[in-house]
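Since the structure comes first, as C-alpha cells, the remarks are kept for the end.
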Amino acid sequence: MKVLKRKLKKVHIAKRIFYHLTNILYIATLAFLAYMLLKYIKVERALEIIGVAIFGIWFLIYLLGGLITMLSKKTKTFIFLTIISLLLSGIFGFGGYFIFRTYSALGNMNREVITYSTTLITLKDSNFNDSMTIGMIDEKEDDVEGALAKKLIERDKLTNKIETYEDYNSMIADLLDGKIGACFVPGGYKTMHLTDGGEEESSKEEEYLSKIKEIGSYSEDRANQDLITLKSSKTKTLTEPFTVLVMGVDSAQDGLKANQAFNGDTLILVTFNPNTLTATMLSLPRDLYVPIACNHDRYAKINSSAAYGSSCVIKTVQKLTGIDIDYYVKINFTGVVDLVNALDGVDVEVEEPDFWYDSAHTNQVCESNQYRQTDSANIVCMGLGWQHLDGAQALAYARCRHLYAVSDIARNQHQQQIIEAMAKKAKTIKSVNDFNAILDVVSRNIETNITPEQIMSFYDVGKDMLLNSSTDALSIKRTYLEYYSLPVWQRRYGRYTSALGYYQGSLDAITKQMRINLELESETPVKTFSFSYNEDYSTPVIGRGIYTGTRLERMETFIGYDRETANNYCLNHGLTCTFEFIESAEPYGIIVDQEAHEGELLKSISGCTFYMSNGQGAQPVTPVEPEPTDPGQGGETPGGDNPGGDTPGGGEEPTPEPEPEPEPEPEIPGGPEGE
Numbered sequence: 000m001k002v003l004k005r006k007l008k009k010v011h012i013a014k015r016i017f018y019h020l021t022n023i024l025y026i027a028t029l030a031f032l033a034y035m036l037l038k039y040i041k042v043e044r045a046l047e048i049i050g051v052a053i054f055g056i057w058f059l060i061y062l063l064g065g066l067i068t069m070l071s072k073k074t075k076t077f078i079f080l081t082i083i084s085l086l087l088s089g090i091f092g093f094g095g096y097f098i099f100r101t102y103s104a105l106g107n108m109n110r111e112v113i114t115y116s117t118t119l120i121t122l123k124d125s126n127f128n129d130s131m132t133i134g135m136i137d138e139k140e141d142d143v144e145g146a147l148a149k150k151l152i153e154r155d156k157l158t159n160k161i162e163t164y165e166d167y168n169s170m171i172a173d174l175l176d177g178k179i180g181a182c183f184v185p186g187g188y189k190t191m192h193l194t195d196g197g198e199e200e201s202s203k204e205e206e207y208l209s210k211i212k213e214i215g216s217y218s219e220d221r222a223n224q225d226l227i228t229l230k231s232s233k234t235k236t237l238t239e240p241f242t243v244l245v246m247g248v249d250s251a252q253d254g255l256k257a258n259q260a261f262n263g264d265t266l267i268l269v270t271f272n273p274n275t276l277t278a279t280m281l282s283l284p285r286d287l288y289v290p291i292a293c294n295h296d297r298y299a300k301i302n303s304s305a306a307y308g309s310s311c312v313i314k315t316v317q318k319l320t321g322i323d324i325d326y327y328v329k330i331n332f333t334g335v336v337d338l339v340n341a342l343d344g345v346d347v348e349v350e351e352p353d354f355w356y357d358s359a360h361t362n363q364v365c366e367s368n369q370y371r372q373t374d375s376a377n378i379v380c381m382g383l384g385w386q387h388l389d390g391a392q393a394l395a396y397a398r399c400r401h402l403y404a405v406s407d408i409a410r411n412q413h414q415q416q417i418i419e420a421m422a423k424k425a426k427t428i429k430s431v432n433d434f435n436a437i438l439d440v441v442s443r444n445i446e447t448n449i450t451p452e453q454i455m456s457f458y459d460v461g462k463d464m465l466l467n468s469s470t471d472a473l474s475i476k477r478t479y480l481e482y483y484s485l486p487v488w489q490r491r492y493g494r495y496t497s498a499l500g501y502y503q504g505s506l507d508a509i510t511k512q513m514r515i516n517l518e519l520e521s522e523t524p525v526k527t528f529s530f531s532y533n534e535d536y537s538t539p540v541i542g543r544g545i546y547t548g549t550r551l552e553r554m555e556t557f558i559g560y561d562r563e564t565a566n567n568y569c570l571n572h573g574l575t576c577t578f579e580f581i582e583s584a585e586p587y588g589i590i591v592d593q594e595a596h597e598g599e600l601l602k603s604i605s606g607c608t609f610y611m612s613n614g615q616g617a618q619p620v621t622p623v624e625p626e627p628t629d630p631g632q633g634g635e636t637p638g639g640d641n642p643g644g645d646t647p648g649g650g651e652e653p654t655p656e657p658e659p660e661p662e663p664e665p666e667i668p669g670g671p672e673g674e
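Its first residue numbered 0, the sequence shown is counted upward by one per residue in numbering that gives the first Met the number 0.
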C-alpha cells in the first residue's frame with residue numbers, strides 16, 4: 000500500500016483528480032439509473048438486472064484498469080478508458096432523468112388531489128341581502144360542492160333561508176324567475192354553459208350568463224372523487240381487456256383546470272383488448288336523452304351529467320350501456336392542437352358537408368378556431384377527402400357539426416376519425432425530442448385514473464404495436480348509434496329542447512360487440528358465406544341501420560277533446576288523471592287546458608290535471624277542430640292507437656244543464672276530481 004501511495008504521488012495531480020472524479024460520477028449515475036429502473040420500470044426486470052451488473056463490472060474494470068494505466072503512464076489507454084466511462088456516465092444520467100421525467104409527467108395525469116370550488120351567483124340587477132332565499136343542490140353522500148357551499152355560508156356568516164333542489168335546471172329556472180334570490184353552482188359553471196348547439200340554444204345560454212353575477216366563491220383541495228368512484232380499477236393491469244371513458248373538456252385555453260364540473264359535449268366509450276389489439280369506440284351524442292344516475296335517474300341530456308362531475312358521467316354511461324368502466328380519461332380538446340402538431344399532423348378523410356352557409360368556402364369544411372373565433376381572419380378551413388391536417392384543422396374538424404344534416408352524430412364520427420389517426424401516428428415516434436413534446440402536451444391536458452404503474456404494465460402491448468411494421472396492427476371498430484329526434488318540453492326555458500332518443504336495438508348491437516371485445520361474451524361463428532359482385536363489402540359500422548326497440552313517449556295535447564279520450568290515454572300509460580271544471584265559452588265538458596305540457600316526457604311525470612269547460616262563458620264560441628301541435632308526431636290523434644277507446648273508467652259524460660252550476664260528474668278511477 001505504501002508503494003502504491005508513493006507511485007500515486009508521482010502521477011500528475013490533475014490526472015489523479017480526473018480519475019477520482021470519473022469514478023465518482025460513474026458510480027453515482029449508474030446508481031441513479033439503477034434506482035429509477037428498479038423503482039419505476041417494472042418490466043424486462045431480468046434485462047435490467049443484467050444491464051446494471053454488466054455496467055457494474057465495467058466500473059471495476061475502469062477502477063483497476065484506469066489505475067494501472069495511470070501508474071504505468073500509458074496515457075492514451077488511460078484517456079480511452081476515461082472517455083468510455085464518461086460517455087457511459089452521461090448515458091446513465093440521461094436515462095435516469097428521462098425515466099424520472101416521464102414517470103412524473105404520467106403521475107401529473109393521475110391527480111389524487113384536485114381543487115373543488117363552488118360559486119354563489121345572483122341576478123345582475125338585484126342587490127343581495129339576508130332576506131333572499133338561496134338555492135342549493137340537495138346534498139348527497141359524495142357531494143363535495145355541497146360541503147363547500149356550507150363552508151362558504153359559515154365563512155361569510157350568511158343567515159339566508161336555504162331552499163334545496165334535486166337538479167340544477169329547476170334551480171336556475173327559479174333564479175331567473177325571481178323565486179329565489181341566489182344559488183350555489185359549481186366553480187366551472189361558465190365552462191358548463193359554453194355550448195356549440197343551435198343558434199336558439201346558444202343564445203339562451205348566453206342570455207343566462209349575461210343575467211347573472213358572482214357574489215362569492217369558495218375553493219378547497221380534496222381527494223379526487225373520480226378516483227374514489229373507480230377505485231377498484233387500481234387492481235387491474237392494462238394487459239387484460241379494459242374500458243375507458245373519454246370525456247372532452249372544451250376549454251378556451253391550453254391546460255386542464257382542476258375542477259369537477261365541465262362541459263360534457265364529448266363522451267366516447269372505448270374498449271380495448273390487448274390480446275387482439277382490437278378497440279371499439281362508441282360516441283354518445285351530447286343531446287342523448289337518458290336517466291342521469293346522480294339525479295334520481297331523471298331523464299335529461301347526457302351532457303348535463305357533467306354538471307355533477309366526472310363520477311356522475313361515469314355512473315350514467317355505465318347505467319346506459321350496462322358495461323363497467325375501468326378507467327376515465329378527461330381531455331382538454333384545445334390541447335389537441337398542440338398534440339397533433341407534436342405528431343407532425345395526422346391523415347384524415349374529411350367528410351363532405353351536406354350544405355354550406357358561406358359561398359366563399361364551398362367544397363371546404365370550415366369551423367371556428369380553438370378560441371371559438373368565427374371571423375374571416377380566424378376561421379379554420381380544410382379540403383375534402385384525404386387530407387393531412389395540422390393541429391388547428393384537426394380540432395376544427397373534430398368540432399364541426401353545423402355543415403352536416405346529422406349534426407352532432409357527424410361530429411362524433413369526426414372525433415373517432417381524429418382519435419384513430421392520432422393512435423396510428425403515435426407509433427411513428429422515433430426521436431426523444433418528439434416524445435418529450437408529446438409528453439408535455441399530454442401531462443398538461445389529460446387527467447386520468449390510470450396510474451403510472453398501470454401505464455407501464457402496457458409496455459409489452461405497446462412494444463408489439465411499435466415493432467409491428469403494419470399500420471393496421473391496431474384494429475379500431477367504429478360504431479354508429481341510430482337515433483331519432485325527441486323534442487322535449489323544457490320548463491327551464493319554456494320551450495322545446497333538441498333532444499335525441501336512441502334505438503335500443505342499435506345500442507344493443509354496439510354493446511354486444513364491446514362485450515365480445517372485453518371477452519365477456521363469445522362471438523357467434525359465421526358458418527356460411529356468399530359473395531356477389533353487386534354488393535359493397537366495405538367494413539360495416541356496428542349499430543348502423545338498426546331501428547328496433549321501443550321509443551320514449553311524450554305527453555300529447557288533449558285540448559279540444561273530451562274527458563273520456565284523455566282518461567283512456569292516462570289509463571293506457573299508467574298516469575293518474577284528475578279533472579276540474581273552469582269557466583269557459585267552449586262547449587260543456589271539452590278540455591280547454593291541461594297541467595302537463597304537450598311534449599313533456601311521460602317518464603318524467605306521474606299524472607296530469609285536465610281543465611274542462613263548464614259551458615258558462617260569456618261569449619259562446621263555436622268549437623274549432625284542433626290542429627296537431629306535437630312537433631314530433633305529425634298530427635297523431637291523442638290517446639295513441641285507441642283514442643276513443645273501449646277502456647273502462649272513462650265515465651259517462653253528463654248532459655249540460657241550464658242551471659248556473661252543473662251537477663258534478665261521477666268519480667273517475669284515474670284519480671280524484673277537483674283537487
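Just so you know, even glycine gets a beta-carbon here, dropped at the ideal spot from N, CA and C.
Can you tell which of the options has the C-alpha that lies nearest to the C-alpha of residue i?
{"i": "N272", "options": "T238, G321 and L244", "result": "T238"}
{"i": "Y568", "options": "G559, M554, E579 and I581", "result": "M554"}
{"i": "T81", "options": "L388, S310 and I60", "result": "I60"}
{"i": "I291", "options": "N340, E165, D323 and G382", "result": "E165"}
{"i": "T547", "options": "T575, V540, Y501 and E585", "result": "Y501"}
{"i": "N302", "options": "Q317, L283 and L600", "result": "L283"}
{"i": "G50", "options": "Y34, L62 and G65", "result": "Y34"}
{"i": "T447", "options": "L338, N516, I418 and S309", "result": "S309"}
{"i": "V143", "options": "Y217, Y482, S209 and D155", "result": "Y217"}
{"i": "W385", "options": "V379, C607, T270 and Y396", "result": "Y396"}
{"i": "L86", "options": "W57, K73 and T74", "result": "W57"}
{"i": "N571", "options": "G55, H360, G606 and F93", "result": "G606"}
{"i": "L105", "options": "S442, Y560 and Y483", "result": "S442"}
{"i": "T575", "options": "I581, E582 and A565", "result": "A565"}
{"i": "T320", "options": "L506, Y102, I445 and Q224", "result": "L506"}
Check residue i in the structure and name its three-state DSSP category.
{"i": "I133", "result": "strand"}
{"i": "L276", "result": "coil"}
{"i": "P647", "result": "Low confidence applies here, because P647 scores a pLDDT of 36, under 50, leaving its location unreliable; read the following figure in that light. Looking at P647 - three-state DSSP - the assignment turns out to be coil, as it is neither helix nor strand."}
{"i": "E199", "result": "Low confidence applies to E199: its pLDDT is 47, below 50, so where it sits in the model is not reliable, and the reading given next is rough at best. If DSSP states are grouped into helix, strand and coil, E199 belongs with the helices."}
{"i": "V431", "result": "helix"}
{"i": "A222", "result": "strand"}
{"i": "C311", "result": "helix"}
{"i": "C607", "result": "strand"}
{"i": "T81", "result": "helix"}
{"i": "K210", "result": "helix"}
{"i": "M513", "result": "helix"}
{"i": "H445", "result": "The sequence shown places Ile at residue 445, not His. Strand."}
{"i": "D507", "result": "helix"}
{"i": "G177", "result": "coil"}
{"i": "V289", "result": "strand"}
{"i": "P185", "result": "strand"}
{"i": "F17", "result": "helix"}
Could you tell me the alpha carbon to alpha carbon distance between residue i and residue j, rounded to whole angstroms?
{"i": "C365", "j": "F183", "result": "38 Å"}
{"i": "D296", "j": "M421", "result": "36 Å"}
{"i": "K6", "j": "I48", "result": "37 Å"}
{"i": "E350", "j": "I454", "result": "34 Å"}
{"i": "R15", "j": "L37", "result": "33 Å"}
{"i": "G544", "j": "E552", "result": "22 Å"}
{"i": "N435", "j": "V345", "result": "18 Å"}
{"i": "Q512", "j": "F332", "result": "27 Å"}
{"i": "V336", "j": "A393", "result": "7 Å"}
Less than 9 Å separating the beta-carbons of residue i and residue j?
{"i": "L342", "j": "A278", "result": "no"}
{"i": "L383", "j": "N362", "result": "yes"}
{"i": "V405", "j": "A391", "result": "no"}
{"i": "Q415", "j": "I267", "result": "yes"}
{"i": "Y167", "j": "L244", "result": "no"}
{"i": "L600", "j": "L480", "result": "no"}
{"i": "M280", "j": "K160", "result": "no"}
{"i": "H401", "j": "Y356", "result": "yes"}
{"i": "S367", "j": "R410", "result": "no"}
| query | For the segment 364-407, which segments carrying the beta strand (DSSP E) assignment without a break, of at least 3 residues, lie completely within its bounds, in sequence order? | reply | For the beta strand (DSSP E) assignment, the uninterrupted runs of no fewer than 3 residues enclosed by the segment 364-407 are, from N- to C-terminal side, 364-366, 379-381 and 384-388.
Problem set entry | Start-end ranges of the beta strand (DSSP E) lying completely within the segment 298-353, minimum 3 residues | If we require 3 residues or more, the beta strand (DSSP E) runs fully inside the segment 298-353 come out as 326-331 and 345-349.
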